[in-house]
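Read the structure below first, then the notes.
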Amino acid sequence: MRSRFVSRLDNTLGRASALAALVMAILAATAVLLYRAGPVSAWTFNWSCDSNGDIVGTLTVGSFRGTFDIYVTDHVPGEGDWIEIPGSRQTVNATSSVVNFGPLDISNMRPGANSIRIEQTATNEKSQSFHPCPTATPTKTPTN
Numbered sequence: 210m211r212s213r214f215v216s217r218l219d220n221t222l223g224r225a226s227a228l229a230a231l232v233m234a235i236l237a238a239t240a241v242l243l244y245r246a247g248p249v250s251a252w253t254f255n256w257s258c259d260s261n262g263d264i265v266g267t268l269t270v271g272s273f274r275g276t277f278d279i280y281v282t283d284h285v286p287g288e289g290d291w292i293e294i295p296g297s298r299q300t301v302n303a304t305s306s307v308v309n310f311g312p313l314d315i316s317n318m319r320p321g322a323n324s325i326r327i328e329q330t331a332t333n334e335k336s337q338s339f340h341p342c343p344t345a346t347p348t349k350t351p352t353n
C-alpha cells in the first residue's frame, strides 16, 4: 500500500508538471506572436524612378543606426524566387532616422521580369513590389 505522503507527493508533482507545461505553452505562443508581429516600428520605403530609369528614394529606419546594403530584386512570372538585380546594390549608413539611397541601377533586370522590390540587409523588411521603372529613351537630335 502506498502511504498518504507518497500519494500527496504524486498529486502535488502532477499538478506542478501540468502547471509548468501550461506556462511553457503560453510562453511559446507569446514568442510566436511576437516573432510574426515583427518590429514595433516597421521601416518605410519611399521611392521613385529617376530620369535614367533607376530607383532613388528614402528609407525610414526609426532608431536603427549602422551600415547596411540596399538593393533591388526582380520577379519573373512562373518563377518563385526574387533575384537580386546585378549592379543594384548600394551600401548606406544610417546616422539618422531617414536614409537616402540611389540611384539603384536596374538595367540588368532579367528578361520577362514584371515586378521589382527594394530590399536591405539590416532586417527582413522589404518594399511592396512594383512595376519596373521605364528606361530612359535617348532624345533624337535633328541632323543638318
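Numbering (the numbering used here), first residue to last: 210 to 353.
Built from N, CA and C at the ideal position, the CB exists for glycine as well.
Taking DSSP as the reference, what is the three-state secondary structure of residue 326?
Taking the first residue of the sequence shown as 1, we reach residue 326 at position 117. It is a strand residue.
Quick check: the Cα distance between residue 278 and residue 311, rounded to an integer number of angstroms?
The residue labelled residue 278 in the question sits at position 69 within the sequence shown. The residue labelled residue 311 in the question sits at position 102 within the sequence shown. Rounded to the nearest angstrom, the two C-alpha atoms are 11 Å apart.
So residue 341 and residue 317 are in contact, right, with Cβ under 8 Å, and what is the actual spacing, rounded?
Within the sequence shown, the letter at position 132 stands for residue 341. Within the sequence shown, the letter at position 108 stands for residue 317. Under the criterion of beta carbons closer than 8 Å, residue 341 and residue 317 do not qualify as touching, at roughly 12 Å.
I'd like to know if the segment 282-289 and the segment 250-266 are in contact, where contact means that at least 3 CB-CB pairs between them fall below 8 Å.
Between the segment 282-289 and the segment 250-266, the count of Cβ pairs shorter than 8 Å is below three; the stretches do not touch.
Quick one: residues in its chain with C-beta nearer than 6 Å to the C-beta of residue 274, no 5 flanking neighbours on either side, listed in chain order?
By one-based count along the sequence shown, residue 274 stands at place 65. Here the set comprises 303.
Please name the residue or residues paired with residue 257 in a DSSP beta bridge.
In the sequence shown, residue 257 corresponds to position 48, counting from 1. DSSP output for residue 257 lists 265 as bridge partner(s).
What residue range does the beta strand (DSSP E) around residue 273 cover?
As a position in the sequence shown, residue 273 is number 64, starting the count at 1. Residue 273 -> no beta strand (DSSP E), and no H or E assigned at all.
Buried versus exposed call for residue 257 [16 or more other C-beta atoms within 10 Å across all chains shown]:
Mapped onto the sequence shown, residue 257 falls at position 48. Counting Cβ neighbours within 10 Å, residue 257 comes out exposed, since fewer than 16 surround it.
My guess is that residue 338 and residue 315 are in contact by the Cβ rule of under 8 Å, so how many angstroms apart are they, rounded?
For the purposes of this step, residue 338 is identified with residue 129 of the sequence shown, where counting begins at 1. For the purposes of this step, residue 315 is identified with residue 106 of the sequence shown, where counting begins at 1. No, residue 338 and residue 315 are not in contact; Cβ-Cβ is about 13 Å, not under 8 Å.
Spatially closest choice to residue 290 from 251, 325 and 343, by CA coordinates
If you number the sequence shown from 1, residue 290 lands on position 81. Closest option to residue 290, judged by alpha-carbon separation, among 251, 325 and 343: 325.
Beta carbon of residue 305, beta carbon of residue 271: below 8 Å?
Along the sequence shown, one-based indexing puts residue 305 at 96. Along the sequence shown, one-based indexing puts residue 271 at 62. For residue 305 and residue 271, no; Cβs fall outside 8 Å.
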